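Undergrad: Handing you a structure now.
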Amino acid sequence: MSEKLENLVRDLWIAIKEEGREVGDKELSPYDLEELEKAGYVRREGGRIVLTNEGERVGRKLVRLHRLTERLLSDVLGMEEEVYERVACRVEHLIPEELEEAVCTLLGHPRLCPHGKPIPPGGCCLSGKRYVETVVHPLTELEEGGSGRISYIYVENPQVMTRLMNLGLRPGRRVTVLKRFPAYIVQVGNTQVALDYEVASRIYVVSGPHH
Ligand SMILES: [Zn+2]
Ligand SMILES: [Zn+2]
14 MSEKLENLVR DLWIAIKEEG REVGDKELSP YDLEELEKAG YVRREGGRIV
64 LTNEGERVGR KLVRLHRLTE RLLSDVLGME EEVYERVACR VEHLIPEELE
114 EAVCTLLGHP RLCPHGKPIP PGGCCLSGKR YVETVVHPLT ELEEGGSGRI
164 SYIYVENPQV MTRLMNLGLR PGRRVTVLKR FPAYIVQVGN TQVALDYEVA
214 SRIYVVSGPH H
């Protein structure tokens, strides 16, 4: 399948499955639509484009790879947004099946891309597999004195999220764990913040002095 066709399936999956939007068959060029039909990814229903089971499977997989790749490029390779957005669109097509779970595990099975969009989970996420060294960890896995750069925060409650942001806990900031018990005390910038275990376990950091 060509890169162009893959990107179309990916975008259709996002529109139809994630955003719950209806996509009319006039929204694609007749040529692209025909190619997608021939490949067995879509069919037409009334004036709408519908994903087949195979189209859904492939689209979801591509979304997963795209967002995992964004994480990889931004967290591990430290690329800027304008660069990783462009590069992710190319690189996602090059990740073979065997590498996908390793990349996901390396990143600590992230649930969100750097834009905050959900990453559809793979088998590795459900089993919590760890067959490669993970570079992104929950804050709770750092020792006292350990530090890292915040990669992402996965808190569903928007009030808790706002509180954390106001305290300076946001992606890109460096945090150091000062104390683990009875509560987590972390240093971010010049501020010391106390966190309960539940919240601390949802802050993911790239550890190591070079981050
Ligand atoms: Zn993204
Ligand atoms: Zn995973």
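Everything in the sequence shown is counted per the numbering used here, starting at 14 for the first residue and increasing by one.
Each residue gets a CB set at the ideal place from its N, CA and C atoms; glycine is no exception.
These figures come from a predicted structure and were not determined experimentally.
1) Would you mind working out which of Glu31, Arg84 and Thr153 sits nearest Arg73, comparing C-alpha positions?
2) Do you know whose CA, among Ala196, Arg186 and Ser214, lies nearest Asn203's CA?
3) On the three-state DSSP scale, how would you describe Arg176?
4) Go ahead and label Val219 buried or exposed: buried means 16 or more other beta carbons lie within 10 angstroms of its beta carbon, across all protein chains shown.
5) I'd like the span of the alpha helix (DSSP H) that includes Val31, first residue to last.
6) Pull every residue with its beta-carbon under 6 Å away from any heavy atom of ligand 1, and keep them in chain order.
7) Out of Leu75, Glu67 and Leu41, state which residue places its alpha-carbon closest to the alpha-carbon of Gly60.
8) For Cys117 and Leu81, which I take to be in contact (beta-carbon distance under 8 Å), what is that distance rounded to the nearest angstrom?
9) If we call anything under 8 Å between Cβ atoms a contact, is Tyr210 one with His150?
10) Would you kindly work out how many angstroms separate the C-alpha atoms of Leu21 and Leu191, rounded to a whole number?
11) Is Gly202 near ligand 2, going by C-beta to nearest heavy atom under 7 Å?
12) Leaving out the 5 sequence neighbours to the left and right, which residues in its chain are closer than 7 Å to Ser15 when beta-carbon positions are compared?
13) Count the other CB atoms, across all protein chains shown, that sit within 10 Å of the CB of Leu152; report buried if there are 16 or more and exposed otherwise.
14) Compare the Cα-Cα distances from Cys102 to each of Leu155, Pro134 and Leu75 and report the closest residue.
15) Among Ile132, His106 and Arg162, whose alpha-carbon lies nearest the alpha-carbon of Gln200?
16) Quick check on the DSSP output: the beta strand (DSSP E) that includes Lys192 runs from which residue to which?
17) Indicate the three-state DSSP secondary structure (helix, strand or coil) for Ala207 in the structure shown.
18) Does DSSP classify Glu156 as helix, strand or coil?
TA: In brief:
1) Locating residue 73 in the sequence shown gives position 60, counting from the first residue. Answer by Cα proximity: Glu31.
2) Counting from one through the sequence shown, the residue named residue 203 turns up at place 190. Taking only the C-alpha atoms, the option nearest Asn203 is Arg186.
3) Taking the first residue of the sequence shown as position 1, residue 176 is located at position 163. Three-state DSSP puts Arg176 in a helix.
4) Looking up residue 219 in the sequence shown gives position 206. It is buried - the Cβ of Val219 has at least 16 other Cβ atoms within 10 Å.
5) In the sequence shown, the residue the question calls residue 31 occupies position 18. According to the sequence displayed, residue 31 carries Glu and not Val. It is not in any alpha helix (DSSP H) - Glu31 carries neither H nor E in the DSSP assignment.
6) Output, sorted by chain position: Arg80, Glu83, Cys126, Pro127, His128 and Lys130.
7) The residue you call residue 60 lines up with position 47 of the sequence shown. When each option's Cα is compared against that of Gly60, the closest is Leu41.
8) For the purposes of this step, residue 117 is taken as residue 104 along the sequence shown, with counting starting at 1. For the purposes of this step, residue 81 is taken as residue 68 along the sequence shown, with counting starting at 1. Rounded, the Cβ-Cβ distance is 6 Å, consistent with contact.
9) Counted from its first residue, the sequence shown places residue 210 at position 197. Counted from its first residue, the sequence shown places residue 150 at position 137. No, they are not a contact pair.
10) Walking along the sequence shown from the start, residue 21 turns up at place 8. Walking along the sequence shown from the start, residue 191 turns up at place 178. Between Leu21 and Leu191, the C-alpha separation is close to 48 Å.
11) Residue 202 sits at position 189 when you count from the first residue of the sequence shown. Every heavy atom of ligand 2 is 7 Å or more from the Cβ of Gly202, so no.
12) Start at 1 with the first residue of the sequence shown, and residue 15 comes out as number 2. Excluding sequence neighbours, Ser15 sits near nothing in its chain.
13) Mapped onto the sequence shown, residue 152 falls at position 139. Buried: at least 16 other Cβ atoms inside 10 Å.
14) Along the sequence shown, read from residue 1 onward, the residue named residue 102 stands at position 89. Per the C-alpha coordinates, the member of Leu155, Pro134 and Leu75 positioned closest to Cys102 is Leu75.
15) Locating residue 200 in the sequence shown gives position 187, where the first residue counts as 1. Shortest Cα-Cα distance from Gln200 to any of Ile132, His106 and Arg162 involves Arg162.
16) In the sequence shown, counting from the first residue as 1, residue 192 sits at position 179. Start and end: Arg187 to Lys192.
17) In the sequence shown, counting from the first residue as 1, residue 207 sits at position 194. Secondary structure at Ala207: strand, using DSSP grouped into helix, strand and coil.
18) Taking the first residue of the sequence shown as 1, we reach residue 156 at position 143. Looking at Glu156 - three-state DSSP - the assignment turns out to be coil, as it is neither helix nor strand.
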